[in-house]
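Taking it in order: structure first as C-alpha cells, then the write-up.
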Amino acid sequence: RRLAASLARLHGSSMAEASPQPEPPKQEAEAPAPVPAEAPAPAPAGGEEDDNAPAPEEEANVEFTPLVKLDEVKTTTGEDEEEVLFKMRAKLFRWESDSWEKEVKLWKERGTGDVRFLQHKETKKVRLLMRREKTMKICANFFVVPTISLAENAGSDRSWVWQCHDYSEGRDGTTETQYSTLAIRFANSENAQKFKEEFEKAKEANKAAGMSGEATGAAPAAAAPEEAPAKEAAPAADAKE
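Each number in the working numbering corresponds to the 1-based position in the sequence shown with 35 added.
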C-alpha cells in the first residue's frame, strides 16, 4: 500500500508539470486621449495690433487706362431718307463665270435675306436692296427702272430672273456697276406673285419720277443667246427659304 501511494503521488506531480498553464488575458491598449484644441489667443488689450496675427483679406482696386482712346463713330446705311414699301425673305442667285473655268457660266448663290423695295421720300425713286442675313452685306442694289422685265426662271412658279445694272459691288461709296443676270427664289408661289406685283409698282413709280432706264444706266439690250440662263437648270428648288 505504501508503494502504491508513492507511485500515485509521483504520477500526479508529473501530470501537473506536463499540462500547460493558461495564459492570463491580455489587456487592450488604451486609445490616446484627444488633444484639446488650442484656444485663440486673446486680443491684445488697448487696441494694439498683433504682428503675428494673420492679415485680413483686402480687395484689389486696380484700374487700367487704355493706351488708345477710340471715339464713337456713327455709321449711316443710306436708308435714313427712304421708306420701306415691301420686305420679304428670299434667296438670290447670279449668273456668272465659274471660279476655275471662266468660259463656263453657272448660277452662284449671292445670299439669303430680306429683299426690300425702298422709296426715297423726296425724289420718290424706288430701288431694290437686299442684304445677307447676319453679315448684312449687300448682295443686290439697283433702281427698278421701267426697262427691267421679270421672267419665270426655268418654269418655276416661285422664282424670277431679270437683267439689270447692279451696284452691290461698289467699294468705299463708289458707284461701280455691273450688268448682271439675277434670279430670286421664294418659299412659295404666293410670295413670288407678291414680289412681282411690287416690282411692277416700283417700275411705275420710277417712270413717274422721270426715270426712263437709259439715263440711269439701266438694263441695255438683251444678252446674247449663249449667255442667257433661261435654258439652263434653275437653282435647286428643294431647299426652303
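Ideal Cβ positions, reconstructed from N, Cα and C, are used throughout, including at glycine. None of the values given here were measured: they were computed from a predicted structure.
#### Entry: Continuous beta strand (DSSP E) stretch holding Ala95: start and end
Where Ala95 is concerned, there is no enclosing beta strand (DSSP E), given that its DSSP letter is neither H nor E.
### Query
For Arg167, does the three-state DSSP call read helix, strand or coil?
Here Arg167 carries a coil assignment [DSSP, helix/strand/coil].
### Query
Is Ser221 helix, strand or coil by DSSP?
According to the sequence displayed, residue 221 carries Phe and not Ser. In this structure, Phe221 counts as coil in the three-state DSSP scheme.
### Task
Could you work out which residue in Phe221, Ala244, Ala243, Ala237 is closest to Gly162 when comparing CA atoms only?
Reading the sequence as shown, one finds Arg at residue 162 and not Gly. Of Phe221, Ala244, Ala243, Ala237, the residue nearest in Cα terms is Ala237.
### Message
What does the alpha-carbon distance come out to for the pair Lys137 and Trp130?
### Response
Each residue's Cα considered, the two are about 12 Å apart.
### For Asp201: DSSP bridge partner residues
In the DSSP output, where bridge partners are listed per residue, Asp201 has Gln213.
### Message
Once DSSP output is grouped into helix, strand and coil, what is the label at Ala237?
### Response
Note: Ala237 maps to helix in three-state DSSP.
### Residues near Leu120 in its chain [Cβ-Cβ closer than 6 Å; skip 5 each side]
Once the five neighbours on either side are set aside, the close Cβ partners of Leu120 are Phe152, Gln154.
#### Entry: Integer-rounded CB distance, given that Ala222 should sit under 8 Å from Asn188
About 15 Å separates the two Cβ atoms, so there is no contact after all.
### Query
Between the Cα of Asp133 and the Cα atoms of Lys126, Leu141, Leu127, which residue gives the shortest distance?
Comparing Cα positions, the closest option is Leu141.
### Query
Any idea if Gly148 is buried or exposed, counting beta-carbon neighbours within 10 angstroms, 16 or more meaning buried?
In this structure Gly148 is buried. Its beta-carbon is surrounded by 16 or more other beta-carbon atoms within 10 angstroms.
#### Entry: Glu118 in three-state terms, based on DSSP
Correct three-state label for Glu118: strand.
### Task
Mark Lys201 as exposed unless 16 or more other C-beta atoms lie within 10 angstroms of its C-beta, in which case mark it buried.
The identity of residue 201 in the sequence shown is Asp, whereas the question assumes Lys. Label assigned to Asp201: buried.
### Query
Taking the Cβ atom as the reference point for each residue, do Gly146 and Leu127 lie within a distance shorter than 8 Å?
Yes, these two residues count as a Cβ contact at 8 Å.
### Task
Return the chain-ordered list of same chain residues with a C-beta closer than 6 Å to the C-beta of Ser139, the five sequence neighbours on each side being excluded.
Note that residue 139 is Val in the sequence shown, not Ser. Asp133, listed in sequence order.
### Query
How should Ser215 be labelled, buried or exposed, when 16 other C-beta atoms within 10 angstroms of its C-beta is the threshold for buried?
Taking a 10 Å sphere around the C-beta of Ser215, we find 16 or more other C-beta atoms and assign the residue as buried.
#### Entry: Delimiting residues of the beta strand (DSSP E) encompassing Lys109
Taken as a continuous stretch (DSSP letters only), Lys109 belongs to no beta strand (DSSP E), as it is neither H nor E.
### Query
Which residues in the same chain as Lys231 place their Cβ atom closer than 8 Å to its Cβ, once the five residues preceding and following it in sequence are excluded?
Cβ contact annotation for Lys231 (same chain, cutoff 8 Å, sequence separation greater than five): Leu185, Trp195, in chain order.
### Exposed unless 16 or more other CB atoms sit within 10 angstroms - verdict on Asn241
By the neighbour-count rule (16 or more Cβ atoms within 10 Å), Asn241 is buried.
### Message
Once the 5 residues before and after Glu114 are set aside, which same chain residues still bring their CB inside 8 Å of it?
### Response
Same-chain partners within the cutoff: Leu153, Leu164.
#### Entry: C-alpha distance - Glu239 paired with Pro181, whole-angstrom precision
When rounded, the separation of the alpha-carbon atoms in Glu239 and Pro181 is 7 Å.
### Query
Quick one: Cα of Pro255 to Cα of Ser247, how far?
With a pLDDT of 32 at Pro255, under the threshold of 50, the modelled position of that residue is not reliable, and no figure is offered here.
### Query
So Ala244 packs on Lys169, CB below 8 Å; how close in whole Å?
Contact between Ala244 and Lys169 does not hold, since the beta-carbon distance rounds to 33 Å and is not under 8 Å.
### Query
From Glu157 to Val103, what distance separates their C-alpha atoms?
Straight through space, the alpha carbons of Val103 and Glu157 are spaced by roughly 42 Å.
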